[in-house]
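What follows is a short report on a single structure.
2 protein chains.
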Amino acid sequence: MLVPSEAGGQMSAASAPRVAVIGAGDIGRGWAALAASAGWPVALYDAETGPLEHGMQEVRSRVESLVALRRADRAEAGAGLRELRQSRSLLTAVQDADWIIEAASEDLAVKQRLLEQIEQVARRAAVITSSAGTLHASQLCARLRRADRLLVARPLTPVELLPLVELVPGPHTHADCVEDVRWWLTRLGRAPIVLRREVTGHVVSRLVAAVWRESIQLVLDGVIDVRDLDRAISLGPALGWAAGGPGINARLAAEGQGMSRFVDSLAQRYEGCWASLAAWDRLEPDARTRFARAVERAYADLDGLRAGRDQRLAALLRAVDEPGQEKHFLHNTDEPDV
Amino acid sequence: MLVPSEAGGQMSAASAPRVAVIGAGDIGRGWAALAASAGWPVALYDAETGPLEHGMQEVRSRVESLVALRRADRAEAGAGLRELRQSRSLLTAVQDADWIIEAASEDLAVKQRLLEQIEQVARRAAVITSSAGTLHASQLCARLRRADRLLVARPLTPVELLPLVELVPGPHTHADCVEDVRWWLTRLGRAPIVLRREVTGHVVSRLVAAVWRESIQLVLDGVIDVRDLDRAISLGPALGWAAGGPGINARLAAEGQGMSRFVDSLAQRYEGCWASLAAWDRLEPDARTRFARAVERAYADLDGLRAGRDQRLAALLRAVDEPGQEKHFLHNTDEPDV
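Laid out in C-alpha cells, this is it:
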C-alpha cells in the first residue's frame, strides 16, 4: 500500500531518520507534516520568524488533516507531533539530522548559499535533498565541498498527499544516497522515481507545462470555459491515467494488433493535433490577464472548492491504495522491500 | 452522483429512450453496454456479421462487469440485457430509435455514407450522434438533408467507465438536440461538456496529444523508462487533476496572492519547459519502433495489468462518486435536474 502503516507500526523511534526541514513555505510545511505524520522526529527551520511560527501551526494542522483523511495513523501522528521541534537556528535544526530537506525559494544563489551553510553544520553521514523544481544538483552543489550526498527530491503539492516524488541525482551524487532517500520515501508511503539525467523541469513539470499551454490556449480561443476544461481533464484523461498511465493504457489497447501497429495508429490519430497545438514559449501580458480573469470568474466559493478538492484527493488516494492492489504497477519492483 | 441510480430506479421503461448503436467496434460496444446497463432498450447493428456477433457477446460481458464493479444496478442491467437486440439490418436497428449512435470507423466517406443511410430510415424525431474523434458535424453532414439533428458525442474508452463525453455541435445543429443528448448522458451518469466550436481533435485529444508527444520524447531521450513515466503521471498530476482540474488547483493555489500574480508565477515557472518541449508534428518510423519496443519491454503480464487497471479505474470512479460529493464542481450546474 502507499501508506505502509504496518511497516510504520513496526518502526522503533531509533530506526526512524531524524529529519530537518529548512524552509517553512508551502513545500517545507508539507515535508514536515508528512514525516511527522509517520511519527518521525522533525525539526523545522526558517530564517524568518513569522513564516516559521505560522509554519509550525500549519504543520500541526496538516498532520491532523492527514489523520482525519485516513492518510496517517493516529498514534504515529501523535508521536510525531510530540517530537516536532521549531528550530531557532540552522545549527540546532541540522546538527543531529540524518536527512536534511532544503525547501527554500527557487533561487539559485539563495539555495547555493543555504546548502553551503547546511554543509558546515551537518553530520558527516547526513543526506541532503533539495526540493528544487527547476534547478539541478549539478548547479546547486557549486559552493559545496562534498557534492556526493546532494540530490534533488521534488515532490508535488500538496506534498503530504500526492505520492510521487522525482529523484534527480547530479553527476556527483553517490548511489547510496539515492538509495537512502528512496528507502525513506517508500517508508513514508511515497512513490519515488529516479530520473536518469537532469532535464529542464524534471519530468512532471514538462508534462504539466504541456497541458497548461494547450489548456490556456483553448480557454483564450473560446473553445471551452474553465469549468468545462476542468471537467474535460478531471473526468476524462486524469481518471484514465490515474488508473493506468499512458504506457499501460497503450500496452492494453495494443493487445490485439501489437505495439508497432498501435503506435502507428496513435501517430496517425494525433498528428493533426500535434501540428496545431499551441507552441508559444511565453505567455504574453494580455493573455495572462485574460486567463486569470477567466479562472476567477469560474469559481467563487473557495472554501467549498478546497474542501471538495481535498476530500476527493484523499478518496482517490484510498482508491489507489485499496486492498489487493499492493503489487500493482505503481510500485517499483526494484525498490527496497518494506 | 455520476451514477444516478435513484433516477434510474424511478425511470419507467416508457421514459427511457430507445437507442440504436451503429457499429460494433470497441466504441459501439461501450455505448451499447452503457445504455443497456441502465435498463434502456438497445439495438446493435454492424454491416459485418462476425464483429456484430462477437460484439453482442462482449456487450453482455461488459454489462456484467459494470455490475461486478458496482458501476451499474443489477436489476436495471438485467432488464437492459433482456431488451438488448442484435439487428440484422440498419432499418430494423434504426426505425424506432430515439437516439442513434454512429460508431463506425474514423473515415469521413464511410461515416458520411452511413449517416445518409441512417437518415433515410430514422424517425423524424430521432437525434443522431457521431462518436467521431477527429471529424466534425460540419463535415459529417455533407450528404444529409437535415443537419440540425446531428452532433458529435465523443466518449473516451472504456466508454462504459469514463464519465466524460465531449459534445460538439455543428453550425447547423439545433440547440434542442444538444439538450436531449446532454439529458440522456446525464441520466447515464456521464459528464457531458459542450464545446463552443469545432477544433482539431476536440479538446481531450489535444491535451492527450500534448502529453503523448512529451512522454514519447522523454522515453526516447532516455530520461525515464516507461514504467517510471507511468508512475510519474499516475501518482502525480493525474491524481491532482482527478481531484481538482488545473483551473481549480490554480484558483486554490492563488488564494493568498490573487490570480494575476499566480498566473505570472505560473508563466515564469513553465517558460523554460515551454521553450524546450518536444515540438515535432510527425513521429518518424525509427522513433515509432523504438517507442513500441520500450512499451513492450516494460510490461509482460497483460491479463494482470488489465485486471489491475480496470479495478483501479472502478475504485477511482467510486471515489469521485462518494456520498457528499453530489454537488461538486464536476457536475454542470446548468444541466437538467436529475
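Sequence lines, in order, name chains G and X.
Letter 302 of the first sequence, counting from 1, is numbered 672 in this note's numbering, and no numbers are missing.
Letter 325 of the second sequence, counting from 1, is numbered 695 in this note's numbering, and no numbers are missing.
Even for Gly, the Cβ is constructed at its ideal location relative to N, Cα and C.
As the structure is a computational prediction, the values presented were derived from the model and not from experiment.
Kindly list the residues whose CB is nearer than 7 Å to the CB of residue i, restricted to its own chain and excluding five residues on each side of it in sequence; keep chain order.
| i | result |
| --- | --- |
| Leu590 of chain G | Ala657, Arg660 and Phe661 |
| Gln380 of chain G | Confidence in Gln380 of chain G is poor, its pLDDT being 42 and thus under 50, which makes the residue's placement unreliable; the coordinate value appears in the next sentence. There are no such residues. |
| Pro387 of chain X | Trp410, Asp468, Trp469 and Trp554 |
| Leu521 of chain X | Thr499, Ala507, Leu537, Val538, Pro539, Gly540, Thr543, Cys547, Val548 and Val551 |
| Gln482 of chain G | Leu510, Ala512 and Arg513 |
| Val529 of chain X | Ile397, Gly400, Trp401 and Leu404 |
| Val480 of chain X | Ala474 |
| Arg688 of chain X | Arg440 |
| Leu672 of chain G | none |
| Leu451 of chain G | Ala406, Arg430 and Val433 |
Sorted by chain position, which residues of the same chain lie with C-beta nearer than 6 Å to residue i's C-beta, five sequence neighbours on each side aside?
| i | result |
| --- | --- |
| Gln587 of chain X | Ala648 |
| Arg412 of chain X | One detail in the question is off: residue 412 of chain X reads as Val in this sequence, not Arg. Excluding positions up to five away in sequence, the list reads Val389, Ala402, Ala405, Ala406 and Leu454. |
| Gly615 of chain G | none |
| Ala668 of chain X | Val596 and Arg597 |
| Ala447 of chain X | Ser407, Val433 and Val437 |
| Val429 of chain X | Arg399, Ala402 and Ala403 |
| Ile594 of chain G | Leu588 |
| Ala394 of chain G | Leu414, Asp416, Pro421, Leu422 and Gly425 |
| Leu531 of chain X | Leu683 |
| Leu609 of chain G | none |
| Asp680 of chain G | none |
Per DSSP, residue i forms a beta bridge with which residues?
| i | result |
| --- | --- |
| Trp553 of chain G | Paired residues: none, contrary to the question. |
| Arg524 of chain G | G:Glu536 |
| Glu457 of chain X | Just to set this straight, residue 457 of chain X is Ser in the shown sequence, not Glu. According to DSSP, Ser457 of chain X bridges with X:Tyr415. |
| Ile618 of chain G | Paired residues: none, contrary to the question. |
| Glu446 of chain G | DSSP output for Glu446 of chain G lists no bridge partner at all. |
| Pro655 of chain G | Beta-bridge pairing links Pro655 of chain G to no other residue. |
| Pro562 of chain G | G:Val535 |
| Val389 of chain X | X:Val412 and X:Trp469 |
With a threshold of 8 Å on Cβ separation, who are the neighbours of residue i within its own chain once the five nearest residues in sequence on each side are excluded?
| i | result |
| --- | --- |
| His698 of chain X | Caution is warranted here: a pLDDT of 46 is assigned to His698 of chain X, below 50, making its placement in the model unreliable, and the coordinate value is therefore given only provisionally. Answer for His698 of chain X: no residue qualifies. |
| Ala612 of chain G | Leu686 and Val690 |
| Ala337 of chain G | Given that chain G is displayed from residue 371 to residue 708, the structure contains no residue 337 of chain G and the question cannot be resolved. |
| Ile563 of chain G | Leu534, Val535, Glu536, Leu537, Val573 and Asn702 |
| Ala623 of chain X | Phe632 |
| Ile488 of chain G | Ile392, Leu460, Val464, Ile470, Glu472 and Ile498 |
| Asp518 of chain G | His542, Thr543, His544 and Cys547 |
| Ser385 of chain X | none |
| Gly723 of chain X | The question about residue 723 of chain X has no answer, for chain X in this structure spans 371 to 708. |
| Arg516 of chain X | Glu489 |
| Ala579 of chain X | Gly571 |
Note down, in chain order, every chain B residue with its Cβ under 9 Å from the Cβ of residue i.
| i | result |
| --- | --- |
| Arg639 of chain G | In the structure shown, chain B cannot be found, because the protein chains are G and X. |
Does at least one heavy atom of the ligand SAM sit under 7 Å from the Cβ of residue i?
| i | result |
| --- | --- |
| Ala408 of chain X | The ligand SAM is absent from the structure shown, which contains no ligands of any kind. |
* Ignoring anything shorter than 4 residues or poking outside the region 485-520 of chain G, list the alpha helix (DSSP H) runs there in chain order. => Within the region 485-520 of chain G, the complete alpha helix (DSSP H) segments of 4 residues or longer fall at 507-510, listed in chain order.
* Can we say the region 435-442 of chain G touches the region 465-481 of chain G, given the rule of at least three CB pairs closer than 8 Å? -> No, the region 435-442 of chain G is not in contact with the region 465-481 of chain G.
* Pull out every residue of the region 411-422 of chain G whose Cβ sits closer than 7 Å to any Cβ of chain X, in chain order. => Taking 7 Å as the upper bound on Cβ-Cβ separation, chain X lies near no residue of the region 411-422 of chain G.
* To do: Below 8 Å between beta carbons is the criterion; list the residues of the region 601-619 of chain G that meet it against any residue of chain X, in chain order.
  => Of all residues in the region 601-619 of chain G, Arg601, Ala602, Ile603, Ser604, Leu605, Gly606, Pro607, Ala608, Leu609, Gly610, Trp611, Ala612, Ala613, Gly614, Gly615, Pro616, Gly617, Ile618 and Asn619 have a Cβ within less than 8 Å of some Cβ in chain X.
* Asked: Do three or more CB pairs link the region 630-648 of chain X to the region 570-586 of chain X at distances below 8 Å?
  -> Per the Cβ contact rule, the region 630-648 of chain X is in contact with the region 570-586 of chain X (3 or more Cβ pairs under 8 Å).
* **Against chain X: residues of the region 549-573 of chain G by CB proximity under 8 Å** => Answer in chain order: Ala561, Ile563, Val564, Leu565, Arg566, Arg567, Val569, Thr570, Gly571 and Val573.
* Asked: Does the count of Cβ pairs from the region 615-630 of chain G and the region 596-605 of chain X closer than 8 Å reach three?
  -> Counting C-beta pairs with one atom in each stretch, the region 615-630 of chain G and the region 596-605 of chain X have three or more that are closer than 8 Å, which means they touch.
* Fully enclosed by the region 566-600 of chain G, which alpha helix (DSSP H) runs are 4 residues long or longer? -> For the alpha helix (DSSP H) assignment, the uninterrupted runs of no fewer than 4 residues enclosed by the region 566-600 of chain G are, from N- to C-terminal side, 574-590.
* Asked: If contact means a Cβ-Cβ distance below 8 Å, which residues of the region 451-475 of chain X contact chain G?
  -> Flagged: no residues at all.
* Asked: What residues in the region 517-547 of chain G have a beta carbon less than 8 Å from any beta carbon of chain X?
  -> Cβ contacts with chain X: Leu526, Thr527, Leu532, Pro533, Leu534 and Glu536.
* To do: Could you list the residues in the region 661-677 of chain X with a C-beta less than 7 Å from some C-beta on chain G, going in chain order?
  => The residues in question are Phe661, Ala662, Val665, Glu666, Ala668, Tyr669, Leu672, Leu675 and Arg676.
* For the region 622-637 of chain X, which residues have a beta carbon sitting closer than 9 Å to at least one beta carbon of chain G? -> Within the region 622-637 of chain X, those residues whose Cβ lies closer than 9 Å to any Cβ of chain G are, in chain order, Leu622, Ala623, Ala624, Glu625, Gly628, Met629, Ser630, Arg631, Phe632, Val633, Asp634, Leu636 and Ala637.
* **Under 8 Å (Cβ pairs) to chain G, residues found in the region 478-503 of chain X** => Residues Gly503.
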